Amino acid sequence: MAASGLNASTYDREGRSHVAALADYAMQLMEQMKYINEHSFNNFRMKIGLNMGPVVAGVIGARKPQYDIWGNTVNVSSRMDSTGLPDRIQVTADLQQVLAAKGYA
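Numbering (the UniProt record's numbering) for the sequence shown: 1 to 105.
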């Protein structure tokens with residue numbers, strides 16, 4: 001799981017540059033998977049689901065503290081991944097509108 005825009009000091013609410021950065025990251029992951037498959041004679045396949053919205057973030061765990069995020073935004077993103085097609089990036093309608101406004105097809 002990856003998240004962007006969590007840091008208030010770099011969060012760009014109006015321009016939503018963190019959304020574009022996350023989409024770029026997802027596309028680079030897909031390209032890297034192709035490269036790995038071509039050079040290792042494997043056929044790994046990846047599905048990616050993207051969503052945007054509010055989350056709750058924090059550290060949980062007494063013995064092994066871990067930073068984590070929770071909320072409906074995370075749940076929907078997980079569903080986008082699990083219902084997606086291999087070698088594809090599936091996004092919600094809201095995210096698609098933001099990306100389209102930024103020139104993504």
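Each residue gets a CB set at the ideal place from its N, CA and C atoms; glycine is no exception.
Since the structure is predicted, the reported quantities are computational estimates derived from the model, not experimental observations.
Residue range of the unbroken beta strand (DSSP E) whose run includes residue i
| i | result |
| --- | --- |
| lysine 47 | 47-50 |
| arginine 88 | 88-91 |
Limits of the unbroken alpha helix (DSSP H) element including residue i
| i | result |
| --- | --- |
| aspartate 81 | 72-82 |
| serine 40 | 17-40 |
Beta-bridge pairing of residue i - partner residues as DSSP gives them
| i | result |
| --- | --- |
| valine 98 | None, per the DSSP bridge assignment. |
| isoleucine 69 | Ala57 |
Rounded straight-line distance, which links the Cα of residue j to that of residue i
| i | j | result |
| --- | --- | --- |
| glutamate 31 | asparagine 37 | 10 Å |
| proline 54 | phenylalanine 44 | 32 Å |
| proline 65 | serine 78 | 22 Å |
| histidine 18 | alanine 8 | 11 Å |
| threonine 73 | asparagine 51 | 6 Å |
| isoleucine 48 | alanine 62 | 31 Å |
| methionine 27 | methionine 80 | 16 Å |
| glutamine 90 | alanine 21 | 16 Å |
| glutamate 14 | proline 86 | 32 Å |
| threonine 92 | tyrosine 67 | 25 Å |
| asparagine 42 | serine 82 | 22 Å |
Exposure label - residue i; buried when at least 16 CB within 10 Å
| i | result |
| --- | --- |
| valine 56 | exposed |
| alanine 23 | buried |
| residue 111 | Residue 111 is absent from the structure shown; the chain starts at 1 and stops at 105. |
| leucine 29 | exposed |
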